[in-house]
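First comes the structure, then the notes that go with it.
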Amino acid sequence: MLPPLSADEPAFEGQVPFDDRGLAYGDGVFETVLLRAGKPVLWDYHMARLRQGCQRLGINVPCPASLEATWQGAPTATLEVLKIILTRGTGGRGYAQPDTVVPRLLSRRTPFQPSAERWRSGVTVRLCDLRLSRQPRLAGIKHLNRLENVLARQEWNDAGIAEGLLVDSDDVVVEATSMNVFWQQAGEVFTPLTDQCGVAGTLSAALVDQGAVKQATLRLSQLPAVEQCWVANSVQGMWPVNTLLAADGSVLKRWPACEGDSLQRLAHQLLGYAPESY
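Each residue of the sequence shown is one higher than the one before, starting from 0 at the first, in numbering that gives the first Met the number 0.
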């Protein structure tokens, strides 16, 4: 295990210099955390994923006090989103890591309001043309190079489409552009494995730990046959999918409304979204 930074080592930086390796190469990790009344939701899950990302990339993990300082202080709103970015730090020219490098920790808090209408009415999603590449050494972690997701999100500009579903080079369903995917089959709920590519979601991990969700493989050809589908993350909550579109806009599948289903209720309970809020 990589050692944490010492408590007195300067981990915070207000600006990113030109030779920061996160800026130049995507050499780092990030977390996006829901703050409720100034307190982080699913913090332990976010920190576990951040530590795993640091270990994979060989970046020292900031000390707990430095990470906790990113959310401490008076809240600006009842709900906020905290974004934490950790880069390897200043690295000079070339890909080789310098002998001495100090990780750079940045954070920002912004007010947030979820889309309760999408909780109630569900959403339309489309299949993306882009295929995720498989790279097990990066699979599951939330590293800074999100170009595949950026390109996938450029595929549509219709405000009526809430998300895009991504499959990998083997036509296995992996995730949405910024959310995880869940589906029901034979009365059980599943979410994709992220051992080859994709981001392992914190809400997904919590639902698996609750015994409400299992991990499994879903191929693209099997998707229209599933009984129900959702997309979710630890900030937006869980959106039922009511319509699945092909990349050309044709309808591949419609699912019945499932407002207030047990999976959504549990997910929102974990995030603190009470039923009366929507």
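Yeah, the Cβ is synthetic: ideal placement off N, Cα and C, and Gly gets one too. As the structure is a computational prediction, the values presented were derived from the model and not from experiment.
Relative to residue 65, the option among 22, 140, 105 and 18 whose CA is nearest is 105.
The three-state secondary structure of residue 127, taken from DSSP, is strand. In this model, residue 160 and residue 262 are separated by some 22 Å (Cα to Cα). The DSSP-derived three-state label of residue 19 is strand. When DSSP states are grouped into helix, strand and coil, residue 42 belongs to the helix group. The C-alpha of residue 216 lies about 29 Å from the C-alpha of residue 26. Between residue 212 and residue 180, the beta carbon gap of about 11 Å keeps them out of contact (Cβ cut-off 8 Å). Taking the CA atoms as reference points, residue 43 sits about 41 Å from residue 247.
Residue 167: not part of any alpha helix (DSSP H); member of the beta strand (DSSP E) spanning 160–167, first to last residue. Taking 8 Å as the cut-off, the beta carbon of residue 102 is found no closer than this to the beta carbon of residue 81. Unbroken beta strand (DSSP E) stretches of 3 residues or longer found wholly inside the stretch 199–224: 213–215, given in chain order. Within the model, the alpha-carbon separation for residue 89 versus residue 60 is close to 16 Å.
By the neighbour-count criterion, in which a residue is buried when 16 or more other Cβ atoms sit within 10 angstroms of its Cβ, residue 141 is buried. Distances from the alpha-carbon of residue 78 to those of 236, 210 and 87 put 236 closest. Rounded to whole angstroms, residue 174 and residue 192 show a C-alpha spacing of 10 Å. Close CB contacts of residue 75 within its chain, under the 7 Å cut and outside five residues either way in sequence, are with 108 and 110 (chain order).
Taking 8 Å as the cut-off, the Cβ atoms of residue 205 and residue 48 do not count as close. The C-alpha of residue 52 lies about 32 Å from the C-alpha of residue 227.
Ranking 253, 95, 202 and 196 by CA distance to the CA of residue 224 puts 253 first. Here residue 167 is buried: its Cβ has 16 or more other Cβ atoms, across all protein chains shown, within 10 Å. Here DSSP, grouped into helix, strand and coil, assigns residue 266 to helix.
Leaving aside the five residues that flank residue 209 on each side, the residues in its chain whose CB is nearer than 7 Å to its CB run, in chain order, 265. The C-alpha of residue 269 is placed about 33 Å away from the C-alpha of residue 128.
In the assembly as shown, residue 125 is a buried residue. Its beta-carbon has 16 or more other beta-carbons within 10 Å. By the CB criterion at 8 Å, residue 91 and residue 239 fall outside the cutoff. 8 Å or more divides the Cβ of residue 55 from the Cβ of residue 133. For residue 118, the enclosing alpha helix (DSSP H) has its first and last residue at 115–120.
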